[in-house]
Amino acid sequence: MKKGDVFEGRVLRIDFPNKGIVEAEGERIVVKNALPGQMIQGVLTKKRRGTCEGRLLSVVEPSSLEDKSRACPHSGLCGGCLYQGLPYAEQLAIKRAQVKALLDPVVEEESYVFEGIKGSPLERGYRNKMEFSFGDEVKDGPLALGMHKRGSFYDIVSTPHCQIVHPDFCRILESAREYFAGLEAPFYKKLSHKGYLRHLLVRRAVKTGEILVALVTTTQKEWLEGVGPCETDAPAQGVPEARESRKAEAEPAYLTEQAVLEGFAKKLRALTLEGTLAGILHTKNDSLADVVQSDGTDILYGQDYFYEELLGLRFKITPFSFFQTNSLGAEVLYRTVREYIGDTKGQVVFDLYSGTGTIAQILAPVAEKVVGVEIVEEAVEAARENAARNGLANCEFIAGDVLKVVGDLKDKPDLIVLDPPRDGVHPKALGRIIDFGVKRIVYVSCKPTSLARDLAVLQERGYRAERICCVDMFPFTGNCEVVALLTSVFT
């Protein structure tokens, strides 16, 4: 076979996170997003040094594991979920096998206990945060609001029936899309860097039902120009309707951004939701990168935070602060972390990459002191407020990069919790962490390949894996959390 050839083959297995292994014409070909047991048609995109990669063209025959009646209507178009149509038990079995296959070559099987995988309490509607994108599904098509189309950097698929979020998310998404489509508001185009609408961030607490919505736009207002001043009461009848009525009266029909935003907030507040709107925000973002960030945020309604509860503690969450995206799954994860850590009475615990301080505060009641380090200052402020609100006086949170800060910490830890971002721990930071010489390290990983890499270093420096467990925080997707307990061979 050569590059460009079309092939058919059966998917033998799927390696982490989405690499289907297909056997065709005597070759093993990696095809992303193909499920075990499917007969697929693909095209060979790369062949080099015995490695073949292909792109999925179509599913010729579904897997015997699939049940299309269970699949999301956006399945196959939206790039968000991989395992739609697979029973949840099968998803868990696949993830368990994937993680074990990654870890066994790194950790001697006899030296640790692999404790399988714990499922999410909610299989559907579990996510408490979504970052939807504005765009179009086809060039110059109608306004779309949802997720990136699978395999595309530019095309957006509207997802009003998404199954991994609460229905309130879908109601808010559709309301926003209809409102701005009626205004003919332009979305931000990544190539020309022109346009107004960028993202819609929605966060909803599972325990409290509080909802925070942030509309993310550029500061470009040219699309509003040329139509004369707009009355501030335009939102009373809805901006699109007001705009049409003024056109009919042949009046100057300038819209102001304030009127547009007030109309947007009013439309959301009129929705019938199971939860309650804690706040509606307008966030400005002129970054050239396709990221959700704030260059300034205004409150259109309510407040710029909401509350969630985990394991009896209450947490204040701001628009861009890190918080686990599956609240009930996070309780399973943190119970596992607490179990792996064991006795902390009279001990100093370092919680590195601490986010909003969730793990630190869960450990604080049974530790002498917990020190959290987090690079995002907004998250650190939230962690301090949360600790005070929960009556925890033995938590200290430091804003800074773990690599730069960890060597200057005044306390000496008795044990360390690592919960790094997807890329794992910076090699230099990992060396400095190991130098503390603590007896126990609990590593919480959201990317098993990064964990496997860091485990190799930890073992070289005198730690051994004792217990490892998977926690599925992301049903229907290819991702999974892993918790590992490492103990020092020198203490």
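So the sequence shown is numbered by our numbering: it starts at 66 and just counts up by one. All residues carry an ideal CB built from backbone N, CA and C; glycine is no exception. It should be emphasised that the depicted structure is a prediction, and the values quoted were computed from it without experimental measurement.
Setting aside the 5 residues that flank it on each side, threonine 337 is surrounded in the same chain by Arg236, each with a C-beta closer than 8 angstroms to its C-beta; the list follows chain order. With fewer than 16 other CB atoms across the displayed protein chains lying within 10 angstroms of its CB, arginine 113 is exposed. When only Cα atoms are considered, arginine 135 and glycine 150 end up about 5 angstroms apart.
Here serine 128 is buried: its Cβ has 16 or more other Cβ atoms, across all protein chains shown, within 10 Å.
Taking proline 170 as the centre and dropping the five residues before and after it, the same chain places no C-beta closer than 6 angstroms to its C-beta. For threonine 552, the three-state secondary structure derived from DSSP is strand. Taken atom to atom, the span from the alpha-carbon of isoleucine 533 to that of glycine 456 is near 32 angstroms.
In chain order, Val413, Phe415, Phe501 and Val503 place their CB closer than 6 angstroms to the CB of proline 478, counting only its own chain and leaving out the 5 sequence neighbours on each side. Residue pairing from DSSP leaves leucine 147 without any beta-bridge partner. Excluding the 5 residues flanking it on each side, aspartate 351 has same chain C-beta neighbours closer than 7 angstroms at Thr283, Thr284 and Asp360, in chain order. DSSP assignment within the stretch 366–409 yields the following whole alpha helix (DSSP H) runs of 4 residues or more, N-terminal first: 392–406. Judged by their CB atoms, valine 71 and glutamine 103 are not nearer to each other than the 8 angstroms cut-off. Burial state of threonine 383 is buried, judged by a 10 Å Cβ sphere holding 16 or more other Cβ atoms. In the same chain as leucine 550, and ignoring 5 residues on each side of it, the C-beta atoms closer than 6 angstroms to its own belong to Tyr405, Val507, Glu531 and Arg532, in chain order. Between proline 101 and leucine 147, the CB-CB gap reaches or exceeds 8 angstroms. Of the candidates Gly74, Gly184 and Ile94, the residue whose Cα lies closest to the Cα of phenylalanine 539 is Gly184.
Here phenylalanine 252 is buried, its C-beta having at least 16 other C-beta atoms within 10 Å. No Cβ-Cβ contact shorter than 8 angstroms links valine 536 with threonine 321. Every alpha helix (DSSP H) of 4 residues or more that sits fully in the stretch 226–294 is shown, in chain order, as 232–248.
Scanning Lys434, Val445, Thr409 and Gly407 for the CA closest to the CA of tyrosine 418 turns up Val445. At the C-beta level, arginine 215 and glycine 144 come within 8 angstroms of one another. Beyond the five residues adjoining it in sequence on each side, glutamate 442 comes within less than 6 angstroms, by CB distance, of Ala464 in the same chain, given in chain order.
Under the DSSP definition of a beta bridge, valine 547 partners with Ser510 and Cys535. When the beta-carbon positions are compared, valine 490 and arginine 529 stay at least 8 angstroms from each other. Exclusion of the five residues before and after arginine 454 leaves Arg379 and Lys381 as the residues of its chain whose Cβ lies within less than 8 angstroms of its Cβ.
Distance from the CA of leucine 266 to the CA of valine 281, rounded to the nearest whole angstrom, comes to 7 angstroms. Burial of phenylalanine 197 is indicated by the presence of at least 16 other C-beta atoms within 10 angstroms of its C-beta. Taking the Cα positions, proline 513 is about 29 angstroms away from glycine 377. Counting every other CB atom within 10 Å of its CB across the protein chains shown gives proline 486 a total below 16, marking it as exposed.
Closest in alpha carbon position to serine 140, among Ala99, Ile79, Leu109 and Ala154, is Ala99. In the three-state reduction of the DSSP assignment, serine 217 falls in the coil class. In the DSSP assignment, valine 413 is bridged to Lys434. Taking the Cβ atoms as the reference, valine 230 lies roughly 6 angstroms from glycine 190, within the contact range of under 8 angstroms. Under the DSSP assignment, arginine 497 falls in the alpha helix (DSSP H) whose first and last residues are 492–499. In this chain, isoleucine 440 is not harboured by any beta strand (DSSP E), its DSSP state being neither H nor E. Minimum Cα-Cα distance from proline 82 among the listed residues Asp476, Gly74, Glu88 and Val96 corresponds to Val96.
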